[in-house]
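Residue numbers (my numbering): 52 to 219.
Idealized CB from N, CA, C, for every residue including glycine.
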Ligand code: 4NP
């Protein structure tokens, strides 16, 4: 597939070998889509990367993504059916360079559980998108298919901006 990044602009936070953890509540709706979108753009653009996703809650540990997220990813040619939900753990704060929360409650929970010696930068995912700073990616869990499509749009936009910022 083609890299969607045409004109790589100023690098705001140039990173080498980005290692990114995307975090939502259950790790079955939003963060698996954020992980998939980022992996796709990074791979298509030839960016060496490491990406994963996790939830602040343990409700769905070991489960595959929500069928509506699997369907949304499939609409974009990506198979996430073998992803498996896991909960964020202390070591994640050292293992990843960046941890992106999908919404404010999850960011607050991540801040509250940050261990001593943490090195990862914490932020809201949409903080990377000019004009969307401080915004949450809405939880589509109680919504319909169109909410999952909206989630895909948001995480894809963030993925493109992140990849634009990396050294190439
Ligand atoms: P996610 O969505 O945080 O985007 O994975 C949710 C998944 C499960 C629940 C809520 C949100 N739940 O209440 O079980």
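CA-to-CA distance, residue j to residue i, given in whole angstroms
| i | j | result |
| --- | --- | --- |
| residue 146 | residue 85 | 18 Å |
| residue 150 | residue 87 | 15 Å |
| residue 177 | residue 157 | 13 Å |
| residue 143 | residue 109 | 15 Å |
| residue 174 | residue 160 | 12 Å |
| residue 195 | residue 118 | 12 Å |
| residue 90 | residue 102 | 7 Å |
| residue 123 | residue 200 | 7 Å |
| residue 165 | residue 125 | 34 Å |
| residue 184 | residue 114 | 31 Å |
| residue 181 | residue 69 | 20 Å |
| residue 79 | residue 155 | 18 Å |
| residue 95 | residue 148 | 21 Å |
| residue 209 | residue 179 | 7 Å |
| residue 56 | residue 171 | 26 Å |
| residue 129 | residue 53 | 15 Å |
Distance CB(residue i)-CB(residue j) smaller than 8 Å
| i | j | result |
| --- | --- | --- |
| residue 92 | residue 211 | yes |
| residue 214 | residue 98 | yes |
| residue 112 | residue 137 | yes |
| residue 106 | residue 139 | yes |
| residue 127 | residue 203 | yes |
| residue 190 | residue 72 | no |
Contact belief for residue i with residue j at Cβ below 8 Å, rounded distance in angstroms
| i | j | result |
| --- | --- | --- |
| residue 153 | residue 131 | So it is not a contact: roughly 15 Å between Cβ atoms. |
Residue i at chain C interface by Cβ criterion, 8 Å
| i | result |
| --- | --- |
| residue 158 | Of the chains in the structure shown, none is chain C; there is only one protein chain. |
6 Å CB neighbourhood of residue i in its chain, flanking five on each side removed
| i | result |
| --- | --- |
| residue 83 | 104, 116, 120, 131, 134 |
| residue 186 | 177 |
| residue 206 | 84, 85, 88 |
| residue 59 | Low confidence applies to residue 59: its pLDDT is 47, below 50, so where it sits in the model is not reliable enough to give any reading. |
| residue 192 | 80 |
| residue 162 | none |
| residue 141 | 166 |
Cβ-based neighbour list, residue i, same chain, cut-off 8 Å, excluding 5 preceding and 5 following
| i | result |
| --- | --- |
| residue 198 | 189, 191 |
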